[in-house]
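Asks: Residue numbers (the working numbering), protein chains in the order written: chain A, 4 to 430; chain B, 656 to 1041.
Just so it is clear, CB atoms sit at the ideal spot from N, CA and C, and this is done for glycine as well.
This one's a predicted model, so the numbers in the text were calculated from it and none came from an experiment.
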Amino acid sequence: MFARLVGESFIRNRRRKLLTAAALIVGMAIATATLTVALEVGDRMAREFRSLGANLIVTPQSDTLPVEIGGVDYRPVDEGAYLNEADLGKLKTIFWRHNILGFTPFLDVPAYVSQTGGSTTVIGTWYEHEVSVPDGTTFKTGVSLTHPWWKIQGQWFRDDAKECVVGANLAAKYPGIAIGKTLNVSPSQTAKAQFPLIVTGIISTGDAEDNAVLVPLSVAQDISNHPGQFRQLFVSALTKPADTLAERDPKSLTPTEYDRWFCSPYISSISYQIEQVLPGTDVRAIRRVAETEGTILSHVSILLWLVTIAALVSAALAVAATSATTVLERRAEIGIMKALGATNAIVTGIFLTEQLMLAIVGGAVGFALGAVLAGILGTSVFGTPAPPHMLLLPVVLGLAAVVSMIGSLIPLRRAAHFNPAPILRGA
Amino acid sequence: MFARLVWKLVRGSRGRLGVALVAVISGAAVISALLNLQFDIERKLTQEFRLLGANLVISRSSAAQTGVANQAASDALASPTLMDQSAVLGQVERLRTPDVVAAAPYLYVVARVGGAPVVVAGTWLDQTPKLDPTWKLEGNWIASRVDETQCLIGRNVARQFQIAPGGQLELSYLGRSAQLRVAGIIDAGGAEDNQVFANLPAVQTLAGTQGEIELVQLSVSGTSARIGAYTSRLATSLPGYDVRPIRQVTQAEGSLLDRTRLLIASMVVLILLLTALSVLATMAALALERRKDVGLMKAIGGPISRIVALFLAEVGVLGATGGLIGCILGVALARWMGQRVFGTSIAPRWDIFPLTIALMVGVALAGALPLRLLGRVKPAVILRGE
């Protein structure tokens, strides 16, 4: 009997049911889309911030003071400590190895270039270098990942060739330096060793590299006579904004806190893990980059959560309002049921069952639509669609059910006090 | 008579209208708060990006090679070209806009501390906290740009030479020397940790290059288009000099700003849709409720156009009142959100008021669309109670 009553109501009032369902679908679709985007946004924005390049620098611990202006180290080659290139694969073995997006070693060598007739800085680095990781795989990394804003005209050098890339200012100053020409580099004016390098491109970085010659790391090692070594390592890592736990000294943490700290991709825990695999190094965050990233990331995500809550409240209001409307419209029906002897419990039961069925159907359709909407949003904002989170399906269904029930319960409670006679009379 | 009828209608169904009013108010509040936030977010975010420090650099153009070479202690140092301090800084000062957060000249020299080379940067130390807001300092900042007796040193310099704040640092360069008191130790998390910072006149005296500087750093806030316009204005007034954006900073800033703005904007549009939907539903219910009143009015001879006008007026009043109250609530909400997210409150934008109110009246009237059916109402049927 109960089932028949509910079923009849669906068949006879198709238009009204469709209206409620439409409100539910739109409301829940928007709730799903905003929740999906809010869940994704931290990760997406963090990746976007990597366009700022490296956020960690690794240097030898027992080092003399680098004579560094505008990013180029002017120390002579026989001064200061070096790091070993062979150890670099270990970076991809730390706990947060997947968050290490790229790393690039640098070796700055003061050298003599015959075309400039003077001392010029030669910077040894990787463009796209295959690093073998101890677990047997290889990892491709280089300046394309840690310094994405460098612009090249022509081609980058191949990491295993005798080629080089010259800075834009240097190329502008000396007409003898152009793409296709050969540059004669030697450790000093008097040295016998000569390194002829073919210029493959001209680089503009907006920094000190514009006045330098960039060469493959192995070439710089040969020029400086420090095979397999480098001075500085730039690491670009995906991190989580620092909170109170991240700012505390790891030594003062309790074991549980320590586990939580170690297993969160804070910049401090990632640098700690790098120091563990590369002993004898000093790993520090490039504060300018790391702090800006942290501040803006946390602000944008708080903002987005607030907006998401606003969207959820609006969705709830919309659904509750339509639910309330349908109940109000059916006052006469309630009056007849009560006149025929239905108790308040039965009336409420019938209405709530109808709403619940609508909520489940509307919520499910809304979820599917919302996933599509989130995909569109993700594509337009970040270029790649946001994947649907199945975890949100029960959340959205629950929300739909609760909101539409609350929306209909309020007028139903009032209906409980109705006296059927005046309603049926039409007053 | 018309006004009295509207008033009676409003009073007569206070309960139902109350519900509709709540829907309109909450919708207006959310919309106006988000619009306020949307208009302000760009300004707030560009300010936050200034944490990145300088984004514009002025230096001697690489094509012109007429400057005096800075003979550095290390012969490895590529000789940079200097520029005339008064000419460049005069232009920078003349073109200064409120967007320029900080500007400071720089002169680098590789001096020696007890035989070891160390990079000394001469600048305006009063600008440093604004130019590099992420630097952490142990000790005190130097508040004056003419104080030639004090300096700030990088963390690694302090470790290397074992100097604490308040200690003395002796710098020597080509026979000249300077004795400076260390006011503070900088933790910059970058190359600056290896440098010594002193005021420009002190370093110029040490280097023997009075009135000359190597580069000027500026921190300019604004969208990438505005920074670009400022850069080209500066470049035209400084011919022979290179005015270039620090690409790492400007490029990332532009793309991140665009993405954040787009994200919030699309969310705002979705919420607008939802709010319109909920107001629409409430108003539609209200309109249907009125069928009986219409029947009565028709029965006693009211023309249909007048009846419809009556109800539209009622609905319009509802939309306007709800919109106004909602706007006030929304401004308060935006303030709170600004406080919560950015730590500073957001200035209310009054132009949002008419926009939101008009939107609410529009939505309320659209919700009253079923009133159109009133023309078909047959008084006899309605009054009979069907």
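(1) Quick one: what's got a C-beta closer than 8 Å to isoleucine 289(A)'s C-beta in the same chain, skipping five residues either side?
(2) Need the endpoints of the beta strand (DSSP E) that alanine 776(B) sits in, please.
(3) Specify the secondary structure class of tyrosine 130(A) as computed by DSSP and reduced to three states.
(4) Buried or exposed, going by whether 16 or more other CB atoms sit within 10 Å of the CB of isoleucine 226(A)?
(5) Rounded to the nearest angstrom, what separates glycine 157(A) and isoleucine 182(A) at their Cα positions?
(6) Output the distance between the C-alpha atoms of lysine 195(A) and valine 222(A), rounded to the nearest integer angstrom.
(7) Please classify proline 113(A) as buried or exposed, where buried requires at least 16 neighbouring CB atoms within 10 angstroms.
(8) By the three-class DSSP mapping on this structure, what secondary structure does alanine 724(B) have?
(9) Does the beta carbon of glycine 1048(B) come closer than 8 Å to any beta carbon on chain A?
(10) Here's the rule: buried if 16 or more other CB atoms are within 10 angstroms of the residue's CB, otherwise exposed. What is glycine 381(A)?
(11) Given a limit of 8 Å on CB to CB distance, which residues of the region 377–391 of chain A reach chain B?
(12) Show which residues of chain A have a CB atom less than 7 Å away from the CB atom of phenylalanine 997(B).
(13) Just to confirm, are alanine 36(A) and leucine 927(B) a CB contact at a threshold of 8 Å?
(14) Nearest chain B C-beta to glycine 56(A) closer than 8 Å, yes or no?
(15) Check the Cβ of leucine 700(B) against every Cβ in chain A and list those closer than 9 Å, keeping chain order.
(16) Report the rounded CA-to-CA distance for leucine 706(B) versus leucine 331(A), giving the unit in angstroms.
(17) Tell me, please, which residues DSSP counts as bridged to serine 207(A).
(18) Going along the chain, which residues of its own chain have a beta-carbon closer than 7 Å to the beta-carbon of aspartate 730(B), five neighbours each way excluded?
(19) Using the C-alpha atoms, what's the distance from valine 743(B) back to alanine 724(B)?
(20) Using a Cβ-Cβ distance cut-off of 8 Å, determine whether proline 772(B) contacts chain A.
(21) Whole-angstrom Cβ separation of leucine 200(A) and lysine 165(A), contact assumed at under 8 Å?
(22) Alanine 318(A) touches chain B at which residues, Cβ-Cβ below 7 Å?
(23) So which residues of chain B does proline 69(A) contact, with C-beta pairs closer than 7 Å?
(24) Tell me which residues share the same chain as tyrosine 85(A) and place their Cβ nearer than 7 Å to its Cβ, disregarding the 5 neighbours each side in the sequence.
(25) Check the DSSP bridge columns for serine 147(A) and list the partner residues they point to.
(26) DSSP on arginine 1004(B), reduced to helix/strand/coil?
(27) Around the Cβ of alanine 348(A), are there at least 16 other Cβ atoms within 10 angstroms (buried) or fewer (exposed)?
(28) Give, in chain order, every unbroken run of the alpha helix (DSSP H) that is at least 4 residues long and sits entirely within the region 846–873 of chain B.
(29) Hey, methionine 992(B) and alanine 688(B) are a contact pair by Cβ (cut 8 Å); roughly how many whole angstroms apart?
(30) Among residues of its own chain, excluding the 5 on either side of leucine 359(A), which ones have a beta-carbon nearer than 8 Å to its beta-carbon?
(31) Taking all protein chains shown into account, do 16 or more other C-beta atoms lie within 10 angstroms of the C-beta of phenylalanine 385(A), making it buried, or fewer, making it exposed?
(32) Just list the residues that DSSP pairs arginine 902(B) with in beta bridges.
(33) First and last residue of the beta strand (DSSP E) that includes arginine 767(B)?
(34) Give the single residue among Lys243(A), Ala324(A), Asn172(A) and Ala245(A) whose Cα lies nearest to the Cα of asparagine 214(A).
(35) Please go through the same chain and pick out, in chain order, the residues whose beta-carbon is closer than 8 Å to the beta-carbon of threonine 399(A), but skip the five residues on each side of it.
(36) Answer yes or no: does any C-beta atom of chain A fall closer than 8 Å to that of methionine 738(B)?
Replies: The relevant details are as follows:
(1) Ala57, Asn58, Leu59 and Ile60
(2) 771–778
(3) coil
(4) That one is buried.
(5) 7 Å
(6) 16 Å
(7) Around the beta carbon of proline 113(A), 16 or more other beta carbons lie within 10 angstroms, which makes this residue buried.
(8) Here alanine 724(B) scores only 36 on pLDDT, less than 50, and its place in the model should not be relied on; the value that follows carries that caveat. Correct three-state label for alanine 724(B): strand.
(9) There is no way to answer for residue 1048(B), as the model of chain B reaches only from 656 to 1041.
(10) buried
(11) Leu380, Ser383, Val384 and Phe385
(12) His302
(13) no
(14) yes
(15) Ile299, His302 and Val303
(16) 56 Å
(17) Note: serine 207(A) is bridge-paired with Lys154(A) in the DSSP secondary-structure output.
(18) Because aspartate 730(B) carries a pLDDT of 35, less than 50, the predicted location of this residue cannot be relied on, and no value is offered for it.
(19) In this predicted model, alanine 724(B) has a pLDDT of only 36, less than 50, meaning its place in the structure is not dependable enough to derive any value.
(20) yes
(21) 5 Å
(22) Per Cβ cutoff of 7 Å: Leu929.
(23) Asn849
(24) Pro63, His229, Gln232, Phe233 and Arg234
(25) None, per the DSSP bridge assignment.
(26) coil
(27) exposed
(28) 855–862
(29) 7 Å
(30) Within the same chain, and ignoring the five residues on either side of leucine 359(A) in sequence, the residues whose Cβ sits closer than 8 Å to its Cβ are Ala404, Ser407 and Met408.
(31) buried
(32) Answer is none; arginine 902(B) lacks a bridge partner.
(33) For arginine 767(B), the uninterrupted beta strand (DSSP E) segment begins and ends at 755–768.
(34) Asn172(A)
(35) Just to set this straight, residue 399(A) is valine in the shown sequence, not threonine. Close CB contacts of valine 399(A) within its chain, under the 8 Å cut and outside five residues either way in sequence, are with Met31, Ala34, Thr35, Leu38, Gly366, Gly369, Phe370 and Gly373 (chain order).
(36) no
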